[in-house]
Amino acid sequence: MYLAIRSHMTSNQLSNEPTCWQDKNSHLSDDSSGITPESLIIHIIDDEESVRMSCDFLISSLGLSTKVWASALTFLQQVNIYRPAVIVSDLMMPEMSGQALQVHLSQQDSPMALIALTGNGEIADAVNMMKQGAADYLEKPINSHRLQEALVRAQELSLKRAKLYDIKKLYAQLTDKEKQVANELLEGNLNKNIADHLDVSVRTVEVHRSQVMKKMQSQHVSELIQKLVMLEA
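Residue numbers (the working numbering): 444 to 676.
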């Protein structure tokens with residue numbers, strides 16, 4: 444299994460990368476709302492130019508926006524990985540493999556969805572990548588119909604992850620008491636029951652509930668419940 448990021452790159456190049464992908468806290472104001480699956484950029488990463496150009500042609504012919512990269516490290520240096528997008532990446536590459544890229548994206552809680560390109564004998568590695576969060580894998584030579592299906596799933600997955608990321612940001616703003624009230628609402632409890640459970644007044648529950656709705660950007664309790672359910676999934 445090839446997971447290698449060369450040691451000198453791990454200690455030197457990666458430590459000098461722009462904060463666009465090192466520090467997700469610098470992008471907490473990003474909002475994925477209003478983005479459609481078809482508008483997501485498809486990033487193509489492969490060290491072989493012929494493969495990059497072939498994938499670019501196939502994906503562009505579907506009316507999708509693409510960007511091509513010769514290495515995963517170059518991609519990470521120049522792209523904000525906290526925005527929803529799809530990555531079509533070769534599995535085996537020098538400097539940083541597709542699998543190492545997927546591990547990094549997962550560790551950084553990136554919403555990007557990765558589709559791995561595999562050759563003969565690499566299926567087991569591709570399956571492991573899916574266990575680590577990859578959206579799908581495609582065997583070379585690429586079947587255009589199979590590619591289109593994988594792209595649709597990856598687009599939907601990336602937006603779902605981005606929405607969850609936005610909800611996590613909102614939930615993190617709640618105080619401990621507000622989180623307790625939110626959890627009580629998730630259980631379907633009324634204000635009076637919540638007050639009894641938390642040993643506070645109904646008025647206090649109403650104040651906390653109002654703050655929960657405001658901070659979670661929810662107009663109705665049903666909308667709040669949907670967001671809380673996503674956090675628990």
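Glycine residues also receive a C-beta, built at the ideal position from the N, C-alpha and C atoms.
*When we look at the beta-carbon of residue 611 and count the other beta-carbons within 10 Å, is it buried (16 or more) or exposed?*
Along the sequence shown, one-based indexing puts residue 611 at 168. When all chains shown are included, residue 611 counts as exposed.
*Could you pull out every residue in the same chain whose Cβ sits closer than 8 Å to the Cβ of residue 679, ignoring the five residues on either side in sequence?*
Here the chain covers residues 444 to 676 and nothing more, so residue 679 does not appear.
*Given residue 629, which residues of its chain have a CB within under 7 Å of its CB, disregarding the five upstream and five downstream residues?*
In the sequence shown, the residue the question calls residue 629 occupies position 186. The residues are 668 and 671.
*Based on Cα-Cα distance, which residue from 617, 651, 516 and 626 lies nearest to residue 537?*
Your numbering for residue 537 matches position 94 in the sequence shown. Looking at the Cα atoms, 516 is the closest of the given residues.
*When you compare only the Cα positions, how much space is there between residue 487 and residue 615?*
In the sequence shown, residue 487 corresponds to position 44, counting from 1. In the sequence shown, residue 615 corresponds to position 172, counting from 1. If I take the Cα positions, the gap works out to 34 Å.
*In the structure shown, what three-state DSSP assignment does residue 608 receive?*
Stepping through the sequence shown from its first residue, residue 608 is reached at position 165. Residue state, collapsed to three classes: helix.
_Tell me which residues share the same chain as residue 511 and place their Cβ nearer than 7 Å to its Cβ, disregarding the 5 neighbours each side in the sequence._
Start at 1 with the first residue of the sequence shown, and residue 511 comes out as number 68. These residues qualify, in order along the chain: 487, 495 and 499.
*asked:* I believe residue 478 touches residue 527 by the beta-carbon criterion, under 8 Å. Please report the beta-carbon distance rounded to the nearest angstrom.
replied: By one-based count along the sequence shown, residue 478 stands at place 35. By one-based count along the sequence shown, residue 527 stands at place 84. Correct: roughly 6 Å between the Cβ atoms.
_By DSSP's criteria, residue 561 is part of a beta bridge. Which residues make up the other side?_
If you number the sequence shown from 1, residue 561 lands on position 118. DSSP, once it has assigned bridges, lists 582 as partnering residue 561.
*Would you identify the three-state DSSP class for residue 486, choosing helix, strand or coil?*
The residue labelled residue 486 in the question sits at position 43 within the sequence shown. Residue state, collapsed to three classes: strand.
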